[in-house]
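Residue numbers (UniProt numbering): 1 to 248.
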């Protein structure tokens, strides 16, 4: 026997008015063995653990708008889900650009994370070198080389979850607009068309996707204390940052 969602859909398609809960209870009575079998093989949600704010930042690039000339890079705090930065630009593959996001952020927040996780893209190399340098003289177990973690982009749990929210709340809107331009013959994907997209839309994408008030960028959570972390950020890693920009 199929699962209750599939059977509920079949019932609705045949004109029956019945709730999913009713279907679920009926299946438990009719096919209890099948229910237990499906429960044993269901996808288990992964549990995320972090010891506190700024213990681990997650950094990644978002490429869904890249075919139209706009590339997004973001970083999120694993514990609070605070958006550390979210930037739209014409590239997210240039190490100097990503490094500038990092240095600007830690200068603004007056501290760096205990650890940072990213994929093995070459664009993350400068950030790795800087974080390892900044953490070289600290005495905790993640100091120095252990402060930067590499892993598959799809397994970078916190930032991947945020990309899904961004897609639903913002990015899909722009994808639809740009796809319409392409379907109507106004966008061919060449260098000039991408530059026109950047000229007309880049600032708008940044405003919608990355420059809203920070309290609106906290993902929904059952734990109300997450909303207070913006006012109580505790940086255990204090640093002194020189005044420079890598993109100048």
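We put the beta carbon where it would ideally sit given N, CA and C, even for glycine.
- [ ] Using the Cα positions of residue 90 and residue 152, report the straight-line distance between them to the nearest angstrom.
- [x] Within the chain shown, residue 90 is the residue found at index 90, counting from 1. Within the chain shown, residue 152 is the residue found at index 152, counting from 1. The alpha-carbon atoms of residue 90 and residue 152 are separated by roughly 24 Å.
Task: Per-residue DSSP class, three states only, for residue 18 - done: One-based indexing of the chain shown puts residue 18 at position 18. In this structure, residue 18 counts as coil in the three-state DSSP scheme.
- [ ] Taking residue 106 as part of the alpha helix (DSSP H), name the residues at either end of that continuous run.
- [x] Your numbering for residue 106 matches position 106 in the chain shown. Residues 95-109.
TODO: Spell out a yes or no on whether the stretch 152-163 and the stretch 57-64 are touching, meaning 3 or more CB-CB pairs, one atom from each, closer than 8 Å.
DONE: Contact between the stretch 152-163 and the stretch 57-64 is present, with at least three C-beta pairs closer than 8 Å.
Open item on the list: Taking 8 Å as the limit between beta carbons, can you name the residues of its chain near residue 20, skipping five residues before and five after?
Closed with: The residue given as residue 20 occupies position 20 in the chain shown. Cβ neighbours of residue 20 beyond the five flanking positions: 4, 5 and 8.
TODO: Determine contact between the stretch 113-131 and the stretch 11-25, defined as no fewer than three beta-carbon pairs at a distance below 8 Å.
DONE: Result no; under three Cβ-Cβ pairs closer than 8 Å.
TODO: Quick one: using the 10 Å Cβ neighbour count with 16 as the cut-off for buried, is residue 84 buried or exposed?
DONE: Position 84 of the chain shown, counting from 1, holds the residue named residue 84. Counting Cβ neighbours within 10 Å, residue 84 comes out buried, since at least 16 surround it.
- [ ] May I ask which residues mark the beginning and end of the alpha helix (DSSP H) holding residue 79?
- [x] Within the chain shown, the letter at position 79 stands for residue 79. In this chain, residue 79 is not harboured by any alpha helix (DSSP H), its DSSP state being neither H nor E.
Open item on the list: Among the candidates 74, 164, 37 and 13, whose CA atom is the shortest distance from the CA of residue 206?
Closed with: For the purposes of this step, residue 206 is taken as the residue at position 206 of the chain shown. Residue 74 holds the alpha-carbon nearest to the alpha-carbon of residue 206 among 74, 164, 37 and 13.
TODO: Taking residue 99 and residue 127 to be in contact with their CB atoms under 8 Å, please state how far apart those CB atoms are, rounded to whole angstroms.
DONE: Here residue 99 refers to the residue found at position 99 of the chain shown. Here residue 127 refers to the residue found at position 127 of the chain shown. Right, the Cβ-Cβ distance comes to about 6 Å (below 8 Å), so this counts as a contact.
- [ ] Determine the closest residue to residue 140 out of 113, 106 and 154, with distance taken between C-alpha atoms.
- [x] Residue mapping note: residue 140 aligns to position 140 of the chain shown, counting from 1. The shortest C-alpha to C-alpha distance from residue 140 to any of 113, 106 and 154 is the one to 113.
Task: Environment of residue 87 [buried if 16+ CB atoms lie within 10 Å] - done: Within the chain shown, numbered from 1, the residue matching residue 87 stands at position 87. It counts as buried.
Open item on the list: Could you check whether residue 69 and residue 182 sit closer than 7 Å to each other, using their CB atoms as the reference points?
Closed with: In the chain shown, residue 182 corresponds to position 182, counting from 1. In the chain shown, residue 69 corresponds to position 69, counting from 1. No. Outside cutoff.
Task: Of the residues 11, 17, 65 and 29, the one placed nearest residue 170, counting alpha carbons only - done: The residue labelled residue 170 in the question sits at position 170 within the chain shown. Nearest of 11, 17, 65 and 29 to residue 170, Cα basis: 65.
Task: Check whether residue 115 and residue 142 have beta carbons under 7 Å apart - done: Locating residue 115 in the chain shown gives position 115, counting from the first residue. Locating residue 142 in the chain shown gives position 142, counting from the first residue. In this structure, residue 115 sits near residue 142, with a CB-CB distance shorter than 7 Å.
Task: N- and C-terminal bounds of the alpha helix (DSSP H) containing residue 158 - done: Within the chain shown, numbered from 1, the residue matching residue 158 stands at position 158. Residue 158: member of the alpha helix (DSSP H) spanning 157-166, first to last residue.
Open item on the list: Is it buried or exposed, residue 62, if we count other Cβ atoms within 10 angstroms and call 16 or more buried?
Closed with: In the chain shown, the residue the question calls residue 62 occupies position 62. Here residue 62 is buried: its Cβ has 16 or more other Cβ atoms, across all protein chains shown, within 10 Å.
TODO: Determine the contact status of residue 256 and residue 15, defining contact as a CB-CB distance below 7 Å.
DONE: An answer regarding residue 256 cannot be provided, because it is not within the stretch 1 to 248 covered by the chain.
- [ ] Measure how close the beta-carbons of residue 189 and residue 67 come, nearest whole angstrom, since I'm counting them as under 8 Å.
- [x] On the chain shown, residue 189 is found 189 positions in, with the first residue counted as 1. On the chain shown, residue 67 is found 67 positions in, with the first residue counted as 1. About 7 Å separates the Cβ atoms of residue 189 and residue 67, confirming a contact at the 8 Å cut-off.
- [ ] Give every residue of the same chain whose Cβ lies closer than 6 Å to the Cβ of residue 18, excluding the five residues on either side of it in the sequence, and list them in chain order.
- [x] Position 18 of the chain shown, counted from the start, is the residue given in the question as residue 18. If you ignore the 5 residues before and after residue 18, its C-beta comes within less than 6 Å of the C-beta of 11, all in its own chain and listed in chain order.
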